[in-house]
Amino acid sequence: MGRLDAETLESFYALLRKCRDHCGGARKAIEHRKAGPHGCTDKCRPHECKPLAPASIRQIHWILSGALNRAVRWRWIAVNPADQAEKPGMPQPNPHPPSAPEAARLVTQAWKDPDWGAFVWVAMTTGARRSELCALRWSAVDLDAAALTLRSALYVDDAGKLREKDTKTHQQRRVALDVETVEVLRDQLVRCEARASALGLSLPKDGFVFSPDPDGSTPLVPDTATQRFSRMAARLGITTNLHALRHYSATELIASGVDVRTVAGRLGHGGGGATTLRVYAAWLSESDQRAAATLADRMPLRPRRNAEARQRKLGSDT
0 MGRLDAETLE
10 SFYALLRKCR
20 DHCGGARKAI
30 EHRKAGPHGC
40 TDKCRPHECK
50 PLAPASIRQI
60 HWILSGALNR
70 AVRWRWIAVN
80 PADQAEKPGM
90 PQPNPHPPSA
100 PEAARLVTQA
110 WKDPDWGAFV
120 WVAMTTGARR
130 SELCALRWSA
140 VDLDAAALTL
150 RSALYVDDAG
160 KLREKDTKTH
170 QQRRVALDVE
180 TVEVLRDQLV
190 RCEARASALG
200 LSLPKDGFVF
210 SPDPDGSTPL
220 VPDTATQRFS
230 RMAARLGITT
240 NLHALRHYSA
250 TELIASGVDV
260 RTVAGRLGHG
270 GGGATTLRVY
280 AAWLSESDQR
290 AAATLADRMP
300 LRPRRNAEAR
310 QRKLGSDT
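Heads up: the sequence shown begins at 0 in numbering that gives the first Met the number 0, then just goes up one per residue.
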């Protein structure tokens, strides 16, 4: 640990900025989609260096810094080298949500398939992450209380298998639903029960809300949802992606005057809204201007006696 210095840390960050797999420039022949014996598909392709996201490198820096602070406190080392290393920069967030007319065209196109339309609708109105929506089960949907609880998310492991895990912030959250979204989910439940009944099956309470199987036993794969949405947007000539619906939900709420803490809670942002403030600063500024205009409209008329007296005095002098 005594040999660890700022230069070593900065070299490590530079390596992560080149390739998240730490290949060091030595390209692998083939990057297989999963480990072990398998039939190669078009997903098994030559390795391409992809940099780790700046936010992820910054998180690694803070983890190392915290561990080294403990080493200083225990007197294993005298100085924390992470304090001397140049911290990875944080890019300025620049979300690009679809406009209201574009969002309307997207959801209208999606309704040609009722199941897909329900997925896109719920993504827009809740602002949930795609992995959270794909992991949503009927047991987490309370239509009577007009709310759903996001407890888990889906991911693909190294073997290429779909797994469940905690949400990104490792906390479950309860999201209130509007009347129309409740009806959308109620219709989705009726369709799912009808398909299961037609095949002599029953829909379990913990079945997935969005599933390719009649009994809801398997979830919709997040990558499949992303690819289908991208193809739909391309057909409509709209440059956007599935994650942008999350930005759309946030910006529309902020533009409507909803407070930042409420928006952060619906999106699952940690830090008491700090992330929401940083990402959606431009829309907050616009909302603040409307708030100022609204307050001015509610203020009483200011006294004008002094102004009128000065005008009369000016007229008498001339």
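Beta carbons are placed, not taken as given, at the ideal position from N, Cα and C, and that holds for glycine.
Pair within 9 Å by beta-carbon distance, residue i and residue j
i: LEU105; j: LEU184; result: no
i: LEU153; j: PRO221; result: yes
i: VAL119; j: LEU244; result: yes
i: ILE76; j: GLY1; result: yes
i: PRO80; j: LEU67; result: yes
i: ARG277; j: PRO53; result: no
i: ALA195; j: PRO213; result: yes
i: VAL181; j: ALA158; result: no
i: ALA139; j: MET123; result: no
i: LEU14; j: ILE59; result: no
i: GLN187; j: ALA127; result: no
i: ALA84; j: ALA5; result: yes
i: SER229; j: LEU241; result: yes
i: THR125; j: LEU147; result: yes
i: PRO113; j: THR250; result: no
Residue closest to residue i, alpha-carbon to alpha-carbon, out of the options
i: SER201; options: VAL155, VAL208, GLY215 and SER98; result: GLY215
i: ARG190; options: GLN83, VAL208 and VAL174; result: VAL208
i: VAL121; options: SER248, ARG172 and CYS18; result: SER248
i: PRO97; options: ARG44, VAL181, HIS246 and CYS48; result: HIS246
i: LYS160; options: PRO299, PRO218, VAL262 and ARG297; result: PRO218
i: MET231; options: GLN108, ALA13 and CYS18; result: GLN108
i: ALA259; options: ILE237, LEU241, SER284 and HIS242; result: The residue you asked about is not Ala; residue 259 is Val in the sequence shown. Among ILE237, LEU241, SER284 and HIS242, the Cα nearest to that of VAL259 belongs to SER284.
i: THR166; options: LYS17, ARG265 and GLU9; result: ARG265
i: GLU47; options: CYS18, ARG74 and ILE56; result: CYS18
i: ALA175; options: GLN226, TRP73, THR261 and LEU198; result: THR261
i: ALA281; options: TYR12, GLU163 and ILE253; result: ILE253
Span of the beta strand (DSSP E), counted from its first residue to its last, around residue i
i: LYS164; result: 161-165
i: TYR12; result: First-last for TYR12: 5-17, but that is the alpha helix (DSSP H), not the beta strand (DSSP E).
i: ARG153; result: One point to set straight first is that residue 153 is Leu, not Arg, in the sequence displayed. Per DSSP, LEU153 belongs to the beta strand (DSSP E) from 151-155.
i: VAL278; result: From DSSP, VAL278 is part of no beta strand (DSSP E) but of the alpha helix (DSSP H) over 273-278.
i: ALA175; result: 172-175
Exposure of residue i, with buried meaning 16 or more beta-carbon neighbours within 10 Å
i: THR239; result: buried
i: GLY65; result: exposed
i: HIS268; result: buried
i: ILE29; result: exposed
i: ARG136; result: buried
i: GLY38; result: exposed
i: THR40; result: exposed
i: ALA263; result: buried
i: ALA134; result: buried
i: ARG129; result: buried
i: LEU51; result: buried
Limits of the unbroken alpha helix (DSSP H) element including residue i
i: ALA103; result: 99-109
i: ALA84; result: Unbroken run through ALA84: none, as it is neither H nor E.
i: LEU67; result: 53-72
i: ALA193; result: 178-197
i: THR125; result: 113-125
i: SER130; result: 129-133
i: ALA263; result: 259-266
Residue i beta carbon near the ligand ADP (any heavy atom closer than 8 Å)
i: GLN108; result: The ligand ADP is absent from the structure shown, which contains no ligands of any kind.
Item checked: Any alpha helix (DSSP H) of 4 or more consecutive residues that is wholly inside the region 203-250 -> 221-234
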